[in-house]
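A.B. asks: One structure, pasted below without further comment.
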Amino acid sequence: MKVKKILIVDDSPTMLRILQNTLAKAGFPDSITACHGKDGLLKLAENRDVDLILSDWNMPEMTGIEFLKNVKADGDTKNIPFIMVTSRNVKEDIMEAVQSGARDYIVKPFTVESIQEKINNI
Ligand SMILES: [Mg+2]
1 MKVKKILIVD DSPTMLRILQ NTLAKAGFPD SITACHGKDG LLKLAENRDV DLILSDWNMP
61 EMTGIEFLKN VKADGDTKNI PFIMVTSRNV KEDIMEAVQS GARDYIVKPF TVESIQEKIN
121 NI
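First residue of the sequence shown? That's 1 in UniProt numbering, and the numbers climb one at a time after it.
Now the structure itself:
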């Protein structure tokens, strides 16, 4: 599918900046950000044109896995592809994310090429 607008969710402002820059270099300059899962749900309600979600796992207020479950439980957002971007690379975590509806999983640190490849595979 053709990805235009991407929602990036991470509690680290530095990581948000790195991801926005990486996405722009990978050919996806149109991104918006949120600082945790609850904020992500608000941004999705305000932006009905989001094509893809990239979310961190460990965040205050609402973690990435809870955010994922909320996105998949809502008929308005359940079809938006969701990629977890996290330093958690334990097999059980990856399984839980995939079983909860995540399309893919990116382990930090990542490269422009790896992000590009994952998004192009959606
Ligand atoms: Mg975090």
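A virtual CB, placed ideally from N, CA and C, is assigned to each residue, including glycine.
Apart from the five residues just before and just after S100, which ones in its own chain have a Cβ nearer than 8 Å to its Cβ?
C.D. replies: Result list for S100: I65, L68, K69, K72, in chain order.
A.B. asks: So which of N89, R48, Y105 has the shortest CA-CA distance to D74?
C.D. replies: Of N89, R48, Y105, the residue nearest in Cα terms is R48.
A.B. asks: Buried or exposed: K118, going by 16 or more other Cβ atoms within 10 Å of its Cβ?
C.D. replies: Burial call: buried.
A.B. asks: For a test of the three-state rule: what should DSSP assign to V112, helix, strand or coil?
C.D. replies: Helix.
A.B. asks: Identify which residue in D93, L23, M84 has its Cα closest to the Cα of I106.
C.D. replies: For I106, the nearest C-alpha among the options comes from M84.
A.B. asks: Assuming K43 and L7 make a contact with CB atoms under 8 Å, what is their CB distance in whole Å?
C.D. replies: The pair is a contact, with the Cβ atoms about 6 Å apart (cut-off 8 Å).
A.B. asks: Between K3 and D51, is the Cβ-Cβ spacing less than 7 Å?
C.D. replies: Note on residue identity: the sequence assigns Val, not Lys, to residue 3. Contact flag set, yes.
A.B. asks: Could you tell me the alpha carbon to alpha carbon distance between V112 and R88, rounded to whole angstroms?
C.D. replies: Roughly 19 Å between the two C-alpha positions.
A.B. asks: What separation, rounded to the nearest whole angstrom, lies between the Cα atoms of D30 and L19?
C.D. replies: Their backbone Cα atoms lie some 12 Å apart in a straight line.
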